[in-house]
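Below: the structure, in structure tokens.
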Amino acid sequence: MASRAPAATGRLMLGVRKWYYNLCGFNKLGLMRDDTIYEDSDVKEALRRLPENVYNDRTFRMKRAFDLSMKQQILPKDQWTKYEEDVYYLTPYLEEVIRERKEREEWMKK
Amino acid sequence: MKGIRGISQLSRRFYAAARKGQSLTEPLVGLKLSPGAAHSYQDVHVSKLPSGLVITSLENYSPASKIGVFIRAGCRYETPDNQGVTHLLRLASNLTTKGASAFKICRGIEAVGGSLSVSSSRENMMYVVDCLRDDIDTVMEFLINVTTAPEFRPWEVSDLTPRVKLDKAQAAQNPQLGVVEALHAAAYKNALCNSLYCPDHMVDHIHSEHLHQFVQNNFTSARMALVGLGVEHSVLKQVGEQFLNIRGGAGASGAKALYRGGEVRLSSLSGLVHSAVVSQSAAAGTGEALAFSVLQHVLGAGPHIKRGSGGSSKLVQGVAKATADPFDVSAFHASYSDSGLFGVYTISRAAAAGDVVRAALTQVKAVADGGVTAADLTRAKAQLKGQFLMSLETTEGLLEAMGSQALADGSYHTQEEISKNIDNVSLTDVANAAKKFVMGKKTMASSGNLKTTPFVDEI
Chain A
1 MASRAPAATG RLMLGVRKWY YNLCGFNKLG LMRDDTIYED SDVKEALRRL PENVYNDRTF
61 RMKRAFDLSM KQQILPKDQW TKYEEDVYYL TPYLEEVIRE RKEREEWMKK
Chain B
1 MKGIRGISQL SRRFYAAARK GQSLTEPLVG LKLSPGAAHS YQDVHVSKLP SGLVITSLEN
61 YSPASKIGVF IRAGCRYETP DNQGVTHLLR LASNLTTKGA SAFKICRGIE AVGGSLSVSS
121 SRENMMYVVD CLRDDIDTVM EFLINVTTAP EFRPWEVSDL TPRVKLDKAQ AAQNPQLGVV
181 EALHAAAYKN ALCNSLYCPD HMVDHIHSEH LHQFVQNNFT SARMALVGLG VEHSVLKQVG
241 EQFLNIRGGA GASGAKALYR GGEVRLSSLS GLVHSAVVSQ SAAAGTGEAL AFSVLQHVLG
301 AGPHIKRGSG GSSKLVQGVA KATADPFDVS AFHASYSDSG LFGVYTISRA AAAGDVVRAA
361 LTQVKAVADG GVTAADLTRA KAQLKGQFLM SLETTEGLLE AMGSQALADG SYHTQEEISK
421 NIDNVSLTDV ANAAKKFVMG KKTMASSGNL KTTPFVDEI
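Line by line, the protein sequences are chains A and B.
The letter at position 4 of the first sequence is residue 4 when you use UniProt numbering, and the numbering goes up by one with no holes.
The letter at position 379 of the second sequence is residue 379 when you use UniProt numbering, and the numbering goes up by one with no holes.
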């Protein structure tokens with residue numbers, strides 16, 4: 001994803017990142033980036049660790065997006081998720097899960 | 001064949017001859033002693049840091065060391081909002097901390113062959129690690145992490161719920177535990193009435209914040225003791241100064257236990273009735289508490305011979321006159337820092353329960369009215385001293401004794417001191433203790449088929 005660009009060029013890449021974010025189109029269904037992440041075993045474990053209110057918000061957004069896609073509609077423009085509002089809520093938990101898995105694998109190798 | 005055997009016997013004879021001049025208590029000449037070899041007898045060292053932390057250590061020249069962190073944070077310090085938090089804390093000792101993940105703690109301690117255990121009583125919690133002498137640094141790091149910097153991640157804490165339920169189910173198998181917990185709940189209005197186990201209504205409702213708050217309020221330096229067996233005192237002192245004064249002050253103070261005297265009856269289909277009748281005794285460490293302990297042994301505190309009939313126990317003799325059914329009776333004594341309970345604990349068949357309880361109490365009354373001879377007293381004192389000294393024989397028992405004493409009054413009383421105190425208990429002290437029980441407001445807890453068991457106001 002373009003948002004993985006190094007922080008040093010943050011200001012330069014900001015315009016490109018915003019353009020790409022709007023191009024991806026999931027914000028038109030009211031979703032955040034972490035709602036769309038593919039659910040492999042690490043992500044499932046990270047989801048298990050989410051606080052209840054964050055998990056409920058995620059479920060609501062996904063349900064609304066499913067409903068819209070079934071009706072072949074998108075949200076009105078003022079309700080689209082803005083680039084600045086997009087919170088990567090799952091990433092800290094996911095990174096912790098991956099770190100723990102790597103620690104286990106390191107230990108097994110010994 | 002015979003020749004070969006003869007040659008090996010010959011070499012043995014030469015060797016024996018060479019050693020004849022050597023004394024068997026002196027090391028061989030030219031042999032380097034390993035550092036673990038016994039040298040001289042060491043005393044228990046106690047020191048107190050300015051933060052309030054008490055450090056106790058004993059060098060016993062053992063190849064294995066034991067280090068314990070004792071904290072005055074037992075279940076008596078639970079508030080009505082967080083009942084059961086100490087049960088969760090006991091189970092949460094292996095969870096992720098700021099310095100090490102749960103996986104690393106488990107594998108790290110296993111890798112050096114050590115073990116980490118946590119146990120708690122109504123007054124204290126103790127975290128104990130043992131390991132080989134050379135690996136102290138590794139396990140000490142984990143111990144400090146667990147006691148001072150736990151993270152209590154919400155998902156790890158909620159994963160503990162099945163273990164809480166398992167603990168409670170196992171405790172329910174043991175009728176004595178049920179009766180003792182019920183006894184304390186009936187005897188006190190606060191503090192000491194809290195159970196060691198999480199109450200049913202709180203099983204799923206203790207969260208990470210409760211644990212954090214309890215640790216924040218109660219795991220303070222002034223209420224901790226660092227105890228070591230087979231460790232240098234200076235090493236412990238350094239650890240205490242550097243790591244264990246994260247939370248200073250005295251923390252939340254516990255309420256004074258208020259005795260009320262009540263009754264709890266737990267009916268069940270069990271064929272045996274367990275019943276305990278107690279009254280308030282004295283706080284631990286006082287002369288009165290020692291008198292109650294001697295009285296406990298005068299009356300009979302359990303069999304001294306395996307599969308024996310408890311012949312020397314006054315209670316057993318008294319109850320044997322009242323019933324022919326199988327029974328067991330012993331004196332019960334528990335003392336805490338500001339209160340205590342003393343009484344009798346009976347186990348009997350459902351039909352005979354009433355007779356057994358009444359006979360046991362009659363026997364105690366007989367002691368109160370002066371039915372104790374000097375021979376009984378000497379026997380009881382010897383049994384009490386024996387029980388106490390034998391509990392110090394194991395490293396677990398010794399560590400626990402050192403830690404409890406460090407927490408109770410910041411010092412260590414030697415065996416000689418305590419034996420002398422036991423010897424100073426007189427006949428009048430014991431009779432007074434028995435009178436206090438007879439006169440005092442009774443608390444009773446019974447479980448089983450209670451058709452003949454009397455109520456507390458009927459005895």
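We put the CB at the ideal spot given by N, CA and C, even for glycine.
Can you check which of these residues, the options, is closest to residue i by C-alpha distance?
i, options, result
"Asn217 (chain B)", "B:Ala102, B:Ser348, B:Gln383 and B:Gly248", "B:Gly248"
"Glu151 (chain B)", "B:Ser51, B:Ala92 and B:Val44", "B:Ala92"
"Phe292 (chain B)", "B:Lys168, B:Cys75 and B:Lys436", "B:Lys436"
"Glu458 (chain B)", "B:Val357, B:Val367, B:Ser404 and B:Gly448", "B:Val357"
"Ala276 (chain B)", "B:Ala368, B:Leu183 and B:Gly310", "B:Leu183"
"Asn190 (chain B)", "B:Ala102, B:Gly308, B:Val235 and B:Ala255", "B:Ala255"
"Val85 (chain B)", "B:His210, B:Leu398, B:Gln173 and B:Ala353", "B:His210"
"Met444 (chain B)", "B:Ala380, B:Gly318, B:Ile67 and B:Leu266", "B:Leu266"
"Gly52 (chain B)", "B:Phe219, B:Thr373, B:Ala368 and B:Cys106", "B:Phe219"
"Ile272 (chain B)", "B:Ala111, B:Thr452, B:Thr79 and B:Ala64", "Note on residue identity: the sequence assigns Leu, not Ile, to residue 272 (chain B). When only C-alpha atoms are compared, the closest one is B:Thr452."
"Thr378 (chain B)", "B:Glu393, B:Thr414, B:Gly410 and B:Ser312", "B:Ser312"
"Lys77 (chain A)", "A:Tyr20, A:Thr91, A:Gly25 and A:Tyr93", "A:Gly25"
Alpha carbon to alpha carbon, how far is residue j from residue i? Give it in angstroms, no decimals.
i, j, result
"Ala5 (chain A)", "Lys102 (chain A)", "Low confidence applies here, because Ala5 (chain A) scores a pLDDT of 49, under 50, leaving its location unreliable; read the following figure in that light. When rounded, the distance between both Cα atoms is 24 Å."
"Ala282 (chain B)", "Val344 (chain B)", "16 Å"
"His333 (chain B)", "Asn60 (chain B)", "32 Å"
"Ala73 (chain B)", "Thr36 (chain A)", "46 Å"
"Val227 (chain B)", "Met125 (chain B)", "13 Å"
"Ala360 (chain B)", "Val329 (chain B)", "7 Å"
"Met402 (chain B)", "Leu295 (chain B)", "25 Å"
"Arg223 (chain B)", "Phe388 (chain B)", "25 Å"
"Gly261 (chain B)", "Val438 (chain B)", "13 Å"
"Pro199 (chain B)", "Gln83 (chain B)", "7 Å"
"Pro51 (chain A)", "Ile98 (chain A)", "18 Å"
"Ala149 (chain B)", "Leu236 (chain B)", "18 Å"
"Met70 (chain A)", "Trp155 (chain B)", "35 Å"
"Leu132 (chain B)", "Ile55 (chain B)", "20 Å"
"Gln170 (chain B)", "Ala185 (chain B)", "20 Å"
"Ala8 (chain A)", "Gln238 (chain B)", "Note that Ala8 (chain A) scores 45 on pLDDT, short of 50, meaning its location in the model is unreliable; the coordinates nonetheless yield the value given after this. Rounded to the nearest angstrom, the two C-alpha atoms are 44 Å apart."
"Thr97 (chain B)", "Asn145 (chain B)", "6 Å"
"Pro454 (chain B)", "Gly354 (chain B)", "6 Å"
"Phe142 (chain B)", "Gln242 (chain B)", "15 Å"
"Phe66 (chain A)", "Phe103 (chain B)", "39 Å"
"Lys168 (chain B)", "Ser121 (chain B)", "16 Å"
"Lys82 (chain A)", "Gly30 (chain A)", "9 Å"
"Arg58 (chain A)", "Ala172 (chain B)", "42 Å"
Using a Cβ-Cβ cut-off of 9 Å, state whether residue i counts as contacting chain A.
i, result
"Pro154 (chain B)", "yes"
"Arg107 (chain B)", "yes"
"Lys104 (chain B)", "yes"
"Ser101 (chain B)", "yes"
"Thr97 (chain B)", "no"
Mind checking who residue i pairs with in its DSSP beta bridge?
i, result
"Arg58 (chain A)", "None; Arg58 (chain A) has no bridge partner."
"His274 (chain B)", "B:Ile347 and B:Ser447"
"Val203 (chain B)", "Bridge partners of Val203 (chain B): none, in fact."
"residue 496 (chain B)", "The requested residue 496 (chain B) does not occur in the structure, where chain B is confined to residues 1 to 459."
"Tyr127 (chain B)", "B:Val69 and B:Val118"
"His333 (chain B)", "B:Phe342"
"Arg265 (chain B)", "B:Ser446"
"Gln280 (chain B)", "B:Leu341"
"His45 (chain B)", "B:Ser57"
"Thr97 (chain B)", "B:Pro150"
"Phe327 (chain B)", "B:Ser348"
"Leu132 (chain B)", "B:Ala64"
Does the beta carbon of residue i sit closer than 9 Å to a beta carbon anywhere in chain B?
i, result
"Arg58 (chain A)", "no"
"Ala5 (chain A)", "Because Ala5 (chain A) carries a pLDDT of 49, less than 50, the predicted location of this residue cannot be relied on, and the following value inherits that uncertainty. Not an interface residue."
"Glu103 (chain A)", "yes"
"Ala2 (chain A)", "Only weak support exists for where Ala2 (chain A) lies, its pLDDT of 45 falling under 50; the value from the coordinates is given anyway. False, the Cβ-Cβ gap to chain B never drops below 9 Å."
"Arg61 (chain A)", "no"
"Glu100 (chain A)", "yes"
"Trp107 (chain A)", "yes"
"Pro76 (chain A)", "no"
"Arg33 (chain A)", "no"
"Ser17 (chain A)", "The sequence given here places Arg at residue 17 (chain A); Ser does not occur at that position. Taking Cβ atoms only, chain B never reaches closer than 9 Å to Arg17 (chain A), which makes this a no."
"Arg64 (chain A)", "no"
"Arg48 (chain A)", "yes"
Segments of 4+ residues assigned as alpha helix (DSSP H) that fall wholly inside the stretch 378-420 of chain B
395-409
Contact set between the stretch 79-101 of chain A and chain C, restricted to residues whose Cβ is under 8 Å from the partner
In the structure shown, chain C does not exist; the protein chains are A and B.
Runs of alpha helix (DSSP H) lying entirely within the stretch 66-100 of chain A, each at least 4 residues, in chain order:
none
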